[in-house]
Amino acid sequence: MSGPDLSGEWAAFAPEWIARMAAGRDRAREGVLDDWMLEVIGDVSARSVIDLGCGEGRFCRMLAARGARTLGVDLQPAFVEHARAVAGPSERYELGDLQSLAGVPGASFDLAVSYISLVDVPDEAAAVREAFRVLVPGGRFVVCNLAPMATATKTEDPWVRRPDRSKVHYVLDHYAEEGPRDIPFPSGHRITNHHRMLSSTLNTFLDAGFELRRLHEPLPNQEQLARVPDNEDLFRVPIFVIYDLRKPR
Ligand SMILES: C[S@@+](CC[C@H](N)C(=O)[O-])C[C@H]1O[C@@H](n2cnc3c(N)ncnc32)[C@H](O)[C@@H]1O
Numbered sequence: 000m001s002g003p004d005l006s007g008e009w010a011a012f013a014p015e016w017i018a019r020m021a022a023g024r025d026r027a028r029e030g031v032l033d034d035w036m037l038e039v040i041g042d043v044s045a046r047s048v049i050d051l052g053c054g055e056g057r058f059c060r061m062l063a064a065r066g067a068r069t070l071g072v073d074l075q076p077a078f079v080e081h082a083r084a085v086a087g088p089s090e091r092y093e094l095g096d097l098q099s100l101a102g103v104p105g106a107s108f109d110l111a112v113s114y115i116s117l118v119d120v121p122d123e124a125a126a127v128r129e130a131f132r133v134l135v136p137g138g139r140f141v142v143c144n145l146a147p148m149a150t151a152t153k154t155e156d157p158w159v160r161r162p163d164r165s166k167v168h169y170v171l172d173h174y175a176e177e178g179p180r181d182i183p184f185p186s187g188h189r190i191t192n193h194h195r196m197l198s199s200t201l202n203t204f205l206d207a208g209f210e211l212r213r214l215h216e217p218l219p220n221q222e223q224l225a226r227v228p229d230n231e232d233l234f235r236v237p238i239f240v241i242y243d244l245r246k247p248r
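Counting along the sequence shown from 1, when you hit position 206 you're at 205 in numbering that gives the first Met the number 0, and nothing is skipped either side.
Listed below in structure tokens is the structure:
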């Protein structure tokens, strides 16, 4: 039996995703995650960076604007074409599968980034081993992902709501049942995510050889909340997690 056609799902979603990113309509990224990722990553000037599952290239552009030389890799041709069309001189984009980075030499990047893309891949261990391989000794792997507590649920709307649609509480269920989850977006598109327990993902990083420097559960500060009040939900439910990892020297 074949699995979900993730590439086909993203192909259908790509035009809307590109427009959504261009319009700054991603409240999680704009409202809290970008600031956290940039803070965790720190100075990238003159650093070589690979962005695994770079989408239409927004985070590569942000890192390149801070002085990095970036390679963005994505499975989706529409994203790679868009990213190339708007790329600056220190950005490169390649079509590729982050589970098997054929053609990317080992020990060639100071930093690898995965910004909500590991949740997409069926074989997380393969993707993590590839990230480890392409990093120089001492190189860092910074992973922003959906939190395992948020990916577990199988209900269409993870919130239990009152008749007026206000939120009562969030459903956490099926936690130990790892595997695909069919995620609906408001536009009607559906994307397959892969739920894994926290221990599975953490041990996958450790088994590949990474050291865990720090684990972050991003929360908005007052200024970020004023920008995007809906992110107050992050004080109720851990939707995102950032793993700050390093390949030993
Ligand atoms: C949620 S989007 C995030 C995109 C981008 N990192 C961002 O934050 O805007 C997930 C991305 O992972 C890509 N992707 C999924 N599976 C992949 C794979 N096996 N190899 C490379 N990219 C993949 C998708 O095409 C999509 O662009």
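Each residue gets a CB set at the ideal place from its N, CA and C atoms; glycine is no exception.
In terms of residues, what are the limits of the alpha helix (DSSP H) holding N202? That run of the alpha helix (DSSP H) goes 197-207.
Does the distance from the C-beta atom of A125 to that of F140 stay below 8 angstroms? No, they are not a contact pair.
For Y27, which residues of its own chain have a beta-carbon under 6 angstroms away from its beta-carbon, when the five flanking residues on both sides are left out? Here residue 27 is Ala; the residue named in the question, Tyr, does not match the sequence. Excluding positions up to five away in sequence, the list is empty.
Cβ-based neighbour list, V79, same chain, cut-off 6 angstroms, excluding 5 preceding and 5 following: Correct list, in chain order: D73, Y92, L94.
Relative to ligand 1, is the shortest distance from any of its heavy atoms to the C-beta of W35 smaller than 7 angstroms? No, the beta carbon of W35 sits no closer than 7 angstroms to any heavy atom of ligand 1.
Any heavy atom of ligand 1 closer than 7 angstroms to the CB of F78? Answer for F78: yes, Cβ within range of ligand 1.
Compute the Euclidean distance between the alpha carbons of W9 and R189, then round it to the nearest angstrom. Each residue's Cα considered, the two are about 9 angstroms apart.
Considering only DSSP beta bridges, list what R180 is partnered with. In the DSSP assignment, the residues bridged to R180 are N192.
In the structure shown, what three-state DSSP assignment does N144 receive? Residue state, collapsed to three classes: strand.
Check whether the Cβ of L97 sits closer than 7 angstroms to any heavy atom of ligand 1, and report yes or no. It does: the Cβ of L97 is within 7 angstroms (strictly closer) of some heavy atom of ligand 1.
From the DSSP output, in three-state form, read off S6 for me. Assigned with DSSP and collapsed to three states, S6 falls in helix.
To the nearest angstrom, how far is the alpha carbon of I40 from that of Y169? A direct Cα-Cα distance of roughly 31 angstroms separates I40 from Y169.
Can you list, in chain order, the residues of its chain with a C-beta nearer than 6 angstroms to that of H81? Leave out the 5 residues immediately preceding and following it. The beta carbon of H81 lies closer than 6 angstroms to those of I17, E55 in the same chain, with the five residues before and after it left out.
Tell me the DSSP secondary structure of R132 in three-state form. Of the three classes helix, strand and coil, the one that applies to R132 here is helix, per DSSP.
Suppose only complete runs of 4+ residues qualify. What are the alpha helix (DSSP H) ranges in the region 34-94, listed by chain order? Counting only runs of 4 or more, we get 57-64, 76-84.
Across which residues does DSSP place R24 in a beta bridge pair? R24 has no beta-bridge partner at all, per DSSP.
Between the C-alpha atoms of M0 and E123, what's the straight-line distance to the nearest angstrom? Here M0 scores only 36 on pLDDT, less than 50, and its place in the model is too uncertain to base an answer on.
Of the residues G87, P76, C53, the one placed nearest A63, counting alpha carbons only: With distances taken between CA atoms, A63 lies nearest to G87 out of G87, P76, C53.
Less than 7 angstroms between the CB of G54 and some heavy atom of ligand 1, yes or no? Yes.
Terminal residues of the continuous beta strand (DSSP E) containing R245? Here the beta strand (DSSP E) through R245 covers 239-245.
Quick check: the Cα distance between V112 and D229, rounded to an integer number of angstroms? In a straight line, the C-alpha of V112 is about 26 angstroms away from that of D229.
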